[in-house]
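Residues 3 to 67, numbered by my numbering, are exactly what the sequence shown covers, in order.
Just so it is clear, CB atoms sit at the ideal spot from N, CA and C, and this is done for glycine as well.
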Amino acid sequence: MSNKTDKNKEETQSLLEKSRALREKSKATETKLNELKAQVDEFIHTEKLTDEQKILESPPSSNDN
């Protein structure tokens, strides 16, 4: 019976270690995802500003024929 208890404790310990490792990896992945989201948002914002600036800088089109 003691042997089975030891195996269960080892298995539990192993699972706890794997769980901790997965949580750490998940946090790192979430951090990276948030960084990438921020970069995308910044890129989109920059693109919008560039497009608006192009519109403002472009001469008015004349459709008087």
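Euclidean distance between Cα positions of residue i and residue j
i: K9; j: E26; result: 26 Å
i: T14; j: T7; result: 10 Å
i: L18; j: S28; result: 15 Å
Same chain, Cβ closer than 6 Å to residue i, neighbours up to 5 away in sequence not counted
i: K34; result: none
i: N67; result: For N67, the pLDDT reaches just 48, beneath the cut-off of 50, and the residue's location in the model is therefore unreliable, although a value from the coordinates is still provided. Nothing listed; no residue qualifies.
Neighbourhood of residue i by C-beta, 7 Å cutoff - its chain only, sequence neighbours within 5 removed
i: I46; result: none
Same chain, Cβ closer than 8 Å to residue i, five either side skipped, listed in chain order
i: K20; result: none
Run of the alpha helix (DSSP H) containing residue i, from where it starts to where it stops
i: S16; result: 4-59
Residue i beta carbon near the ligand MG (any heavy atom closer than 7 Å)
i: S4; result: You won't find the ligand MG in this model; it holds no ligand whatsoever.
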